[in-house]
Amino acid sequence: MSDPALDALLCDLDNVIRFYDLDEVTRQEEAAGIAPGTTMEIAFAPERDLPLLLGRISRDEWAASIAEALAARVPGPQAAALAAAFAHAPSYVDRHVVELVRQVRRSIPVVLVTNATVWLDDDLASLGLTDLADHVVNSSRVHIAKPEAGIYEIAAGRAGVPAHRCAFVDDSRANVEAARRAGMTAVLYRDISDLRRLVAPLVDEVASSY
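The working numbering applies: residue 390 is where the sequence shown begins, and numbers increase by one.
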């Protein structure tokens, strides 16, 4: 971070640290004769996705809503199988990003700020990420989702740092712009080089102390 007044890193989870393996979903879509990505588009439609991310529905209810929408395009059993495959898709982490975040945490607080589900804690445990951050601000637990202003206020509060001294990184332009409106230094994540540039002085400082 070029500005020494930045005293906390607020980091998105999905598509920065965690990624989903949708190969099985794609295989089933091709077998069903629908375009790859159709299930994702349906699943992430606001009327289905937002209730999940705000903790208002369960995974089973989410999957049922996906299957109902898919049933207009494919037979019911295939729709249900596709919805289940998507709702239970395996995930993996970018180990290089994880290591970089761990290095940053040696110098300043790290808070994960994520639009996520009520089963996120189980996911983090299975991925070995329970100790990655000082705090996790999960939309389904605080009942506010990015890019709403309130979630940024909560995240800064958890970090114990004023918003203008927080750095924020996210793969969504809307979320980044909202963080900037909150007074944060915010960076759009496209690949690890974006995060590296943001935290380079801190990582160099940690390295030089050994």
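C-beta atoms are modelled at their ideal positions from N, C-alpha and C, and glycine is treated no differently.
The C-alpha of LEU402 is placed about 14 Å away from the C-alpha of LEU489. Pairwise C-beta distances place the segment 503 to 516 out of contact with the segment 422 to 430, as fewer than three of them are shorter than 8 Å. Put simply, the backbone Cα of LEU439 is about 16 Å away from that of GLY539.
7 Å or more divides the Cβ of ALA476 from the Cβ of ALA456. The Cβ neighbour count for ILE446, taken over all protein chains shown within 10 Å, is at least 16; the residue is labelled buried. Under the three-state reduction of DSSP output, LEU459 falls in the helix class. If you ignore the 5 residues before and after ASN404, its C-beta comes within less than 7 Å of the C-beta of ASP560, all in its own chain and listed in chain order. Fully enclosed alpha helix (DSSP H) runs of no fewer than 4 residues occupy 562 to 570 of the segment 545 to 581, in order along the chain.
Residues ASP559, ALA575, LEU577 of the same chain have their beta carbon placed closer than 6 Å to that of VAL565, with the five preceding and five following residues left out of the count. Counting the other CB atoms within 10 Å of its CB gives GLU418 a total of 16 or more, which places it among the buried residues.
For ASP520 and VAL463, the gap between their C-alpha atoms comes out near 42 Å. Apart from the 5 residues on each side of it in sequence, ALA563 sits with its Cβ closer than 6 Å to the Cβ of PRO536 in its chain, given in chain order. In this structure, the straight-line span from the alpha carbon of ARG448 to that of ASN527 is close to 16 Å. Cβ-Cβ distances below 7 Å link LEU584 to VAL486, LEU489, VAL558, TYR578 in the same chain, with the five nearest sequence neighbours on each side left out; the list follows chain order.
Runs of the beta strand (DSSP E) lying entirely within the segment 434 to 504, each at least 3 residues long, are 480 to 482, 499 to 503 in chain order. In the three-state DSSP reduction, ASP396 falls in the coil class, being neither helix nor strand. When DSSP reads this structure, TYR409 sits in a beta bridge with SER480. Per DSSP, VAL507 is not a residue of any beta strand (DSSP E), being assigned neither H nor E.
In the three-state reduction of the DSSP assignment, ASP403 falls in the strand class.
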